[in-house]
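Residue numbers (the numbering used here): 877 to 1354.
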């Protein structure tokens, strides 16, 4: 969850309604949100469990391939792969700064000086400091060891999925284009992917071009094309009111107190809640800091002592982690995802990236490009709106003010939509003059949006011209 001093509401028990939020709407929100929390999940040192506890990590969830490659459908008879293209989020990383650790350690130091730490709390401070030291060594915002491995493994699996294509690329000397947002962790991810791909098939090494940067394509939320979007984030009152209504409620305060009681003795927690340490942060600020450290810890597992993990889940119960995970997901849903049903401001700008997917596939079909592969590396801020624009699973249901985003009735989950190293891939197959496209979303065969017709019922293959029709696109090369 992000901290924005200029917009951050004063959280905890609600004492007044946000502007434009009527008492009836507030009651409706509380009723709906009461069903938003997932069922209690068992805690594990890895932070994951089979019953969905992974969702509590939101978009900081570590990457897991979505499908066993042995279960992929075979291409229709006679079709051979001729091109592949993808867009990938960077791999797992260190936190972007030390803000969360600094905040909670200030409170910890105060409590320690007064003898106000629980038994677990006495271990918490040194553990947080060790995690901060590890992140500083990696470099705040940089790829962690786990992140590098995620990207490398994804490259190797791509090569294994399409051995015929890469053999053809090597035989014919077809170039492989590598492009990133230009931001450090995306640049590094591009390099890790290219290196791993060349190692998997050394014949590809001389064909992999030097990585280039394209901010307009892969960092569009910060580029010229994202100006209207940035105005929405900074100034839209409905967005601000909605996020306040979602977060500023008794359930958040209760979860915060639960988290803090694992570290501090009840009397000290009461003083935090009463605002005695407001110069450091509120009870919700402090609990969010603990949650954010919990969330980033799996990404830093390779840097933990002995590689055994940081075990930050000891300091936040599964139910409370799930609540803060929901709040984080709500923020991403409204700011980057499907958002409000009457607006496309959060995802319209992703059209530049979808357009590039089509352009590359169409150029290959037209014979105006000899590219064998197009490899793109970006961020959650691009993957999430692209998923909404494309109507990918989990990103198809926007909301209204009267029926806000909840876990109870909306499938959007950050851990599924855009975990670390999330990726979308199109593989193009040809037979004669017919070109088919198969899409993989986090390496799972995925149908295109409703209204797009596959070549046969249940198939994951679509004619390229059918996708052009379905997405309302006219091929400029035809």
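All residues carry an ideal CB built from backbone N, CA and C; glycine is no exception.
Do you know whose CA, among the options, lies nearest residue i's CA?
{"i": "residue 1159", "options": "1171, 1143, 1298 and 1088", "result": "1143"}
{"i": "residue 1247", "options": "1042, 1001 and 1108", "result": "1042"}
{"i": "residue 1221", "options": "1295, 1111, 1141 and 1299", "result": "1111"}
{"i": "residue 1262", "options": "1212, 1304, 1238 and 1241", "result": "1212"}
{"i": "residue 1131", "options": "1081, 1192, 1086 and 1187", "result": "1192"}
{"i": "residue 941", "options": "955, 1344 and 967", "result": "967"}
{"i": "residue 1095", "options": "1315, 1256, 1184 and 960", "result": "1256"}
{"i": "residue 1241", "options": "984, 1311 and 1168", "result": "1311"}
{"i": "residue 1136", "options": "1001, 1266 and 1016", "result": "1001"}
{"i": "residue 1293", "options": "1270, 1309 and 930", "result": "1270"}
{"i": "residue 1017", "options": "1309, 1296, 1323 and 1138", "result": "1296"}
{"i": "residue 1202", "options": "1036, 987 and 1289", "result": "1289"}
{"i": "residue 1284", "options": "1237, 962, 970 and 1199", "result": "1199"}
{"i": "residue 1286", "options": "1224, 1209 and 1349", "result": "1209"}
{"i": "residue 1291", "options": "1348, 1260 and 1273", "result": "1260"}
{"i": "residue 1127", "options": "1195, 1189, 972 and 1281", "result": "1195"}
{"i": "residue 1138", "options": "1152, 1069 and 1162", "result": "1162"}
Please report the residue range of the alpha helix (DSSP H) in which residue i lies.
{"i": "residue 1209", "result": "1194-1212"}
{"i": "residue 842", "result": "Lying outside 877 to 1354, the shown extent of the chain, residue 842 is not represented and no answer is given."}
{"i": "residue 1167", "result": "1159-1172"}
{"i": "residue 1129", "result": "1126-1137"}
{"i": "residue 1344", "result": "1340-1346"}
{"i": "residue 1331", "result": "That residue, residue 1331, is in no alpha helix (DSSP H); it is neither H nor E in DSSP."}
{"i": "residue 1228", "result": "1227-1242"}
Per DSSP, what kind of secondary structure is residue i in: helix, strand or coil?
{"i": "residue 1253", "result": "strand"}
{"i": "residue 1096", "result": "coil"}
{"i": "residue 1268", "result": "coil"}
{"i": "residue 1056", "result": "strand"}
{"i": "residue 938", "result": "coil"}
{"i": "residue 957", "result": "strand"}
{"i": "residue 902", "result": "Below a pLDDT of 50, predicted positions are generally treated as unreliable, and residue 902, at 42, falls in that range; the measurement from the model is reported next regardless. Residue 902: helix per DSSP, three-state reduction."}
{"i": "residue 1120", "result": "helix"}
{"i": "residue 1222", "result": "coil"}
{"i": "residue 1441", "result": "Lying outside 877 to 1354, the shown extent of the chain, residue 1441 is not represented and no answer is given."}
{"i": "residue 1026", "result": "helix"}
{"i": "residue 1296", "result": "coil"}
{"i": "residue 968", "result": "coil"}
{"i": "residue 933", "result": "helix"}
{"i": "residue 973", "result": "coil"}
{"i": "residue 1145", "result": "helix"}
{"i": "residue 1179", "result": "helix"}
{"i": "residue 1247", "result": "coil"}
{"i": "residue 1321", "result": "strand"}
Provide the residue span of the beta strand (DSSP E) that contains residue i, from first to last.
{"i": "residue 945", "result": "Neither: residue 945 is in no beta strand (DSSP E) and is coded neither H nor E."}
{"i": "residue 1000", "result": "Not the beta strand (DSSP E): residue 1000 falls in the alpha helix (DSSP H), residues 995-1014."}
{"i": "residue 1312", "result": "1310-1317"}
Using a Cβ-based criterion (distance less than 8 angstroms to any ligand heavy atom), does residue i qualify as near the ligand GTP?
{"i": "residue 1320", "result": "This structure lacks the ligand GTP; in fact it carries no ligand of any kind."}
Any 3 or more C-beta pairs closer than 8 angstroms across the region 1209-1223 and the region 1267-1280: Remark: three or more beta-carbon pairs, one from each stretch, lie closer than 8 angstroms, so the region 1209-1223 and the region 1267-1280 are flagged as touching.
Touching by the beta-carbon criterion (3+ pairs, under 8 angstroms), the region 1172-1179 and the region 1112-1129: no
The region 1031-1046 in contact with the region 1229-1238 per 3-pair CB rule at 8 angstroms: no
Within the region 1059-1114, ranges of the alpha helix (DSSP H) (whole runs, at least 4 residues): 1060-1076, 1091-1094 and 1103-1111
Three-pair Cβ contact test at 8 angstroms for the region 1045-1054 versus the region 994-1013: no
The region 1315-1331 in contact with the region 1294-1305 per 3-pair CB rule at 8 angstroms: Contact between the region 1315-1331 and the region 1294-1305 is present, because at least three Cβ pairs lie under 8 angstroms.
Stretch pair the region 949-965 + the region 1099-1110: three plus CB contacts closer than 8 angstroms: no
Three CB pairs or more closer than 8 angstroms across the region 967-979 and the region 1007-1022: When C-beta atoms of the region 967-979 are compared with those of the region 1007-1022, three or more pairs fall below 8 angstroms, so the two segments count as touching.
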